[in-house]
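Each number in the numbering used here corresponds to the 1-based position in the sequence shown with 3 added.
One structure is given below, encoded as structure tokens.
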Amino acid sequence: MKKFNIRKVLDGLKEASSSSSSSSSTPSVQVGPQENNLIQETLQSEHFQLCKTVRHGFPYQPSSMAFDPVQKILAIGTQSGALRLFGRPGVECYCQHEGGAAVIQLQFLINEGALVSALADDSIHLWNLRQKRPAVLHSLKFNRERITFCHLPFQSKWLYIGTERGNIHIVNVESFMLSGYVIMWNKAIELSSKTHPGPVVHISDNPMDEGKLIIGYESGIVVLWDLKSKKADYRYTYDEAIHSVAWHHEGKQFICSHSDGTLTIWNIRGQGKPIQTITPHGKQPKDGKKPEPCKPILKVEYKTTRNGDPFIIFSGGLSYDTVGRRPCLTVMHGKSIAVLEMDYPIVDFLTLCETPYPNDFQEPYAVVVLLEKDLVVIDLSQNGYPIFDNPYPLTIHESPVTCCEYFADCPVDLIPALYSVGSRQKRQGYSKKEWPISGGNWGQGTQSFSEIIITGHADGTVKFWDASAIMLQVLYKLKTAKIFDRNRSKEDKGSSEVSDEDPFAIQIMAWCPESRMLCVAGVSANVIIYRFSKLEVTTEVVQLLEVRMQYELNEMESPDGGGGEQTSAHPTPGASPQTSGPPSHPSTSSNNSDGGNIPCLKVRSSPLKQSPGYQVDLVVQSVWVSGEPPQQITSLVLNSSYGLVVFGNSNGLAVVDYIQKTVVLNLGTVELYGSNDPYQRQPRSPRKTRQPSGGLCDINEYSATSEDRCKSPTSAKMSRKLSLPTELKPDLVLLSVCPPRGANPLDHRDNSFSRSRSSSVTSIDKEAREAISSFLFCETFARKGDCTLTPCLYVGTSLGTVLVLAITLPSAGEQRQLQPVIISPTGMLVRLKGSIMRISFLDSTGLLLAPAFEPWYEPNITADGEEREKIRKRRPVSVSPSTSQELNESQFAVVCSEKQAKVMSLPSQTCIYKHSITENSFILRADIVQMNQGVCLACFCANGHIMTLSVPGLRPLMDVNYLPLTDMRIARTFCFTNLGQAMYLCSPTEIQRITYSQETCENLQEMLGELFTPVETPEAPNRGFFKGLFGGGAQSLDREELFGEVAAGKASRSLAQHIPGPGGIEGMKGAASGVVGDLARARIALDERGQKLGELDERTAAMMASADSFSKHAHDMMLKCKDKKWYQF
């Protein structure tokens, strides 16, 4: 009888109670073989903490922009209330306004380390940029009026706010209190107009006289307001709506841009008409009539130079007959007009000038143009206006991202190797000058490990990014589409209709950092294998393999009438068809003459020049069978040591030997079970009708997706309700079996929403269509009770089964080129609830067993054949039986499905630990990751929870409800990697990186860059002797005297409400939970108390002084009146 161990039961109860996840936290810890007591788990809960680290990429849906000319920092606001700040390359920062309203305008307090933002919800906020994570110091919410324009003069603390009603309010940016001084619209225009002038579209003070304010109203009225006398000096009316106004630096002229494509220049003393009216893009009629109207000029800037003509720069204003013309920025300089075409609509632009003073010659040197999907900086100092090479990682979305992978702790020589081949891809013709946005300083802390992010895109490109030390820089770009013929003939069109919009889109990527082998699977059911080379090579013929993958369980008629291609439903395990080379297997074909065996894409037949970098080694294509398109590839793995690539779909799997360029195995999922198939599968006849597959559309993706994708007649609808936000309808997700179109969510890795997520086995329809969901190559015990290690392939399916295939490899060297690789199924290891997400192995001490790999060698050197053989023989894979392996020494297989995790002891194949991770949701991504202190299982759940579990014990270590609502993009791009790093795409253009390591969270403050650096403000321009003598220099104004409470009184309380911000003390949020936080709060409280006591002292002193003065006056009066009689008063 088995001895009952009470301590284990108590441990189990203790673990269950300590788990933080209430709904899914009862691990059933099973008592297995005694050897697993030897593993001391080093990871504890205190090693984990979740926090966002940095956000990279182009700000999604930008709406406004500002630049600090002294600090040289650029700020961009977005429609979702995000704020992105950019300094020198590598210094960038992301903040978010709480309400999420669009940012309509940004204003720097120049060289003060602060920024004012105005939002569409009529609130203004003051951001403190003097800390590494900027925070809001004050907010002011307008209740009765809508904000349309803000202006903060240089070195002033009074912010002018224009509203939709046409009024102007004034806010003190230090206290964020409203002044009682208000410019009412009716007072400003008086009788010059019979109707309301419209919203305020512009406010700015005269560069030479701070007491004069120009106010532009939408209807076309401009008012020059005298702040001291509180009345309008001049009014200028034009019969076209105004979009923007700009001053000449001498303050005697200003320019307006209008809705009919005209620019008007006005003298401030000239009342009636503009001194000049220009329609830059209008055709001039010969009979002297007005030029024809053009599109509105949305913004104009007027910048002067000491030695030459001024620059007039504007956006818009093109003629209406320029159909299809791209958005333009026009630079007028003297008599030359340069029209600069942009790739996307212009959101805003700013001219960068040498001086922050508006009353000096501006000397413009660059223009920053914010486009809807790009940021362009134009060099004004060089002929032809070249653009600067943008050093920020803003091209993530150049083509929509369809999948990504994240690798931490890569080999040290990898980033330099990728950089050296990538640097040759740089475009020429950029400006030679330094990038002008150069503020801030890099962080002090560094990480000792290198990180690489790989993104796959809809146009077939693969980009490698250096992500080390919380920065991001593109290293190398690979275009996979160039190996295919793009100009397809009409006959071929039918074969590729399934993925017409983006036929080259990348779906899954498998990469071996050590051997630098890369394998990508595309939506058109193609797999491309690449080798890395530093030498250029011309490939005469691209090697191609075609694979027929179709498995039916019945022998009934197929759509073309013949059922001859079907394989038997229950072959015996290890039978000869699987183990021999390709010719004897009925489903494998390299040169099919059978009608309909067409791949979705045609590989080019002309020679292919391959630059240094990744060069194609082999293309494998699934072909159409019996008039049906090939199934989407759902999983992919590569092993450089064995020379094998395996891919699976909803039918089965194919193993390709890329050294011999042959298909080793092509099996249906059912055949992998052999006679041990646990499911009673019913024969099904194919459906004749085509119906749309329900690939879910991507939220807010660029291109609209159509639902007319075809479905294979043999495919089953696999559906299940998802716990997703309400906007993600339909809430039934169908298995998308055909390659999807465009920027549709591709079936990312083996864990996107578009796969079957069945956890029950009741539906025959579901059982019959069992997809391959994950793979792992490992050297382990192939069968129960084995005493030797052999190379194996572990296969996980969508029904929760893990199957094992044993691999027999020829010996290294010449034999490997000639002898076939033999693979035989050895049966089932374990079954779990839900689709298998991840399989991994630990050795008997609990260390992670990485799959074997071959070190990288230069593939294009043929002379050093012997040298290469030596390298190849140093493979860390032992093909022969290992003699050092003791019989009692074991391994642990860690298997994670959508619902639960199990740990199996090998070779006994007993389950020693089991943990139910989630009951009500399902896991989207799971990875076994190496931390500094040990190994853990990291999971990201569809309900937004991020969890880590110890291995092999499966103790819950962390459970954080990180993203309460998970959208499709996050679901399909989320990746964990080693050392506590993770990432996902938070928008179509941005990567959000997070860490779940306590160590990284603690060091993050040091690693972040500084935005604010102490810089001397440049000297004010010299007024000159004569200007000082005769006047005419800049007139200053005591705004405090005008707008302060004494002169202007208090503003109406109901107009706006002041909200103190959470910001202020550096890092307070980070320390808020600990003793440091309590101390910080206590210190703040003491400071405030001291401040209040100080104020109280001052008030008491003032009252005493007032009392003294009163008693003195009273005494004087008494002396004066002492001797007077009553009638003398």
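Where is the CB? At the ideal position from N, CA and C, for every residue including glycine.
Residue 1102 at chain C interface by Cβ criterion, 8 Å
Considering every chain present, this structure includes no chain C. It has just one protein chain.
My output table needs one value for residue 824: the three-state DSSP class, helix, strand or coil.
coil
At which residues does the beta strand (DSSP E) containing residue 381 begin and terminate?
First-last of the beta strand (DSSP E) with residue 381: 378-382.
Whole beta strand (DSSP E) runs in the stretch 429-461 with 3 or more residues, listed along the chain?
454-460
Let's see if you can read the secondary structure: which residues bound the alpha helix (DSSP H) around residue 1063?
From DSSP, residue 1063 is part of no alpha helix (DSSP H) but of the beta strand (DSSP E) over 1059-1063.
For residue 272 and residue 231, the rounded distance between their alpha carbons:
18 Å
Evaluate contact between the stretch 242-252 and the stretch 275-294, counting only Cβ atoms and requiring at least three cross-stretch pairs below 8 Å.
no
In chain order, what residues of the same chain lie with their CB nearer than 7 Å to the CB of residue 447, ignoring the 5 residues before and after it?
1009
Counting only runs that start and end within the stretch 186-242, where is the beta strand (DSSP E) found for 3 or more residues in a row?
203-209, 212-220, 224-229 and 234-240
Let me know if residue 724 comes out buried or exposed under the rule of 16 or more other beta-carbons within 10 Å of its beta-carbon.
The pLDDT assigned to residue 724 is 31, lower than 50, so where the model puts this residue is not dependable, and the model offers no usable value.
Is the CB-CB distance between residue 645 and residue 810 below 8 Å?
Annotated as proximal: residue 645 and residue 810, with beta-carbon spacing under 8 Å.
Cβ of residue 824 within 8 Å of Cβ of residue 647?
Contact annotation: residue 824 and residue 647 have beta-carbon atoms nearer than 8 Å.
Any idea what DSSP makes of residue 1119, helix, strand or coil?
helix
Starting from the Cα of residue 93, find the closest Cα among 993, 395, 437 and 290 and give me that residue.
395
If you run the structure through DSSP and keep just helix, strand and coil, what is residue 88?
strand
Going by other Cβ atoms of all chains shown within 10 Å of its Cβ, with 16 needed for buried, is residue 776 buried or exposed?
buried
Nearest to residue 427 (by Cα), restricted to the options 538, 470 and 351:
538
Contact check, residue 531 vs residue 458 under 8 Å by CB: the rounded distance?
Residue 531 to residue 458, Cβ: 16 Å. No contact.
Check whether the stretch 104-115 touches the stretch 1039-1050, taking contact to mean three or more Cβ pairs, one atom from each stretch, closer than 8 Å.
Counting Cβ pairs under 8 Å, fewer than three are found: no touch.
Using the DSSP secondary-structure output, state which residues sit across from residue 63 in a beta bridge.
Residue 63 pairs with nothing; no bridge assigned.
Paired residues, beta bridge with residue 323 - DSSP:
According to DSSP, residue 323 bridges with nothing at all.
With a CB to CB cut of under 6 Å and the five nearest residues on each side skipped, what residues in its chain are close to residue 1081?
Note that residue 1081 has pLDDT 49, beneath the 50 cutoff, so the model's placement of it is unreliable and the number below is only indicative. Close CB contacts of residue 1081 within its chain, under the 6 Å cut and outside five residues either way in sequence, are absent.
Go ahead and pull the three-state DSSP assignment for residue 1103.
Helix at residue 1103.
For residue 275, count neighbouring Cβ atoms within 10 angstroms of its own Cβ and tell me buried if that reaches 16, exposed if not.
exposed
Nearest to residue 1024 (by Cα), restricted to the options 851, 364 and 1103
364
First through last residue of the beta strand (DSSP E) which encompasses residue 907:
903-909
Local conformation of residue 3 per DSSP, three classes:
Residue 3 falls outside the range modelled here, since the chain spans only 4 to 1132, and no answer is possible.
In the DSSP output, what is residue 529 paired with across the bridge?
Per DSSP, 624.
I need the straight-line Cα distance from residue 855 to residue 643, nearest angstrom please.
8 Å
Identify whether residue 512 lies in helix, strand or coil by the three-state DSSP scheme.
strand
Run through DSSP, which three-state label would residue 536 get?
strand
Would you give the residue range spanned by the alpha helix (DSSP H) that residue 268 belongs to?
In the DSSP annotation of this structure, residue 268 is not part of any alpha helix (DSSP H); the continuous beta strand (DSSP E) holding it starts and ends at 266-270.
Cβ-Cβ distance between residue 897 and residue 954 below 8 Å
Contact check for residue 897 against residue 954 passes: the beta carbons are separated by less than 8 Å.
Nearest to residue 270 by CA position, among 227, 302 and 310, is which residue?
For residue 270, the nearest C-alpha among the options comes from 227.
When we look at the beta-carbon of residue 1120 and count the other beta-carbons within 10 Å, is it buried (16 or more) or exposed?
exposed
Can you check which of these residues, 42, 393, 84 and 1007, is closest to residue 437 by C-alpha distance?
393
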